[in-house]
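All remarks here apply to the structure that follows.
Numbering (our numbering), first residue to last: 2 to 162.
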């Protein structure tokens, strides 16, 4: 919470809950609830987990995997200004990719904007394909996982959450 409020723009971390570019008590409360409700992970009621991104012992962001369909996870992240451009986002996304593969996902997705060049570069570097550019500037990124012969992970069997 402190890292977000101290060194990240509210609209990069929360939905636009209140007007203006400042952190408000509504945004802080929303972010606190968001992380608390996701402590049970992708198999919990929210179908989503959040993890702290740590650099030199300090929290500098958050990354999340979310179950959006059987076998499909979506990820998103935010980083403090001080952590950007240091490879932190790439390492965090690589950890999500490994977790998604371990869970037996068949695809990992992410969404960003055409103007977010650093995010697009991180997604490409980890192997995502940029799938859709829409008129609003949204970009859908997808990373399919190959399914080894005989592998029957829980998502691939259709019994995963």
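For glycine and all other residues, C-beta sits at the position ideal for the given N, C-alpha and C. This one's a predicted model, so the numbers in the text were calculated from it and none came from an experiment.
Apart from the five residues on each side of it in sequence, which residues of its chain come closer than 6 Å, Cβ to Cβ, to residue i?
| i | result |
| --- | --- |
| residue 60 | 4, 53 |
| residue 91 | 123, 126 |
| residue 97 | 64, 66, 76 |
Report the partner residues of residue i according to the DSSP bridge assignment.
| i | result |
| --- | --- |
| residue 144 | 109 |
At a Cβ threshold of 8 Å, is residue i touching chain B?
| i | result |
| --- | --- |
| residue 87 | The chain inventory of the structure shown lacks chain B, comprising one protein chain alone. |
Using 10 angstroms around the beta-carbon of residue i, count the other beta-carbons present and answer buried if the total reaches 16, otherwise exposed.
| i | result |
| --- | --- |
| residue 23 | exposed |
| residue 129 | buried |
| residue 15 | buried |
| residue 11 | buried |
| residue 46 | exposed |
Please report the distance separating the alpha-carbon of residue i from that of residue j.
| i | j | result |
| --- | --- | --- |
| residue 31 | residue 146 | 33 Å |
| residue 81 | residue 9 | 5 Å |
| residue 112 | residue 33 | 22 Å |
| residue 162 | residue 140 | Its pLDDT being 43, under 50, residue 162 is placed unreliably by the model, and the measurement read from it follows with that caveat. Those two C-alpha atoms are separated by around 26 Å. |
| residue 70 | residue 26 | 33 Å |
| residue 120 | residue 93 | 12 Å |
| residue 19 | residue 7 | 18 Å |
| residue 104 | residue 131 | 23 Å |
| residue 40 | residue 142 | 26 Å |
| residue 102 | residue 109 | 9 Å |
| residue 13 | residue 99 | 24 Å |
Ordered along the chain, which non-local residues of its own chain (more than five positions away) have a Cβ less than 8 Å from that of residue i?
| i | result |
| --- | --- |
| residue 89 | 54, 56, 61, 62, 80 |
Can you list, in chain order, the residues of its chain whose CB lies under 7 Å from that of residue i, leaving out five sequence neighbours each side?
| i | result |
| --- | --- |
| residue 106 | 72, 73, 74, 146, 156 |
| residue 115 | 134, 138, 140 |
In chain order, each beta strand (DSSP E) run of at least 3 residues that lies wholly inside the segment 49–79: 52–56, 59–70, all fully within the segment 49–79.
Ordered list of beta strand (DSSP E) runs contained in the segment 103–128, each at least 3 residues: Complete beta strand (DSSP E) runs here, min 3: 108–114.
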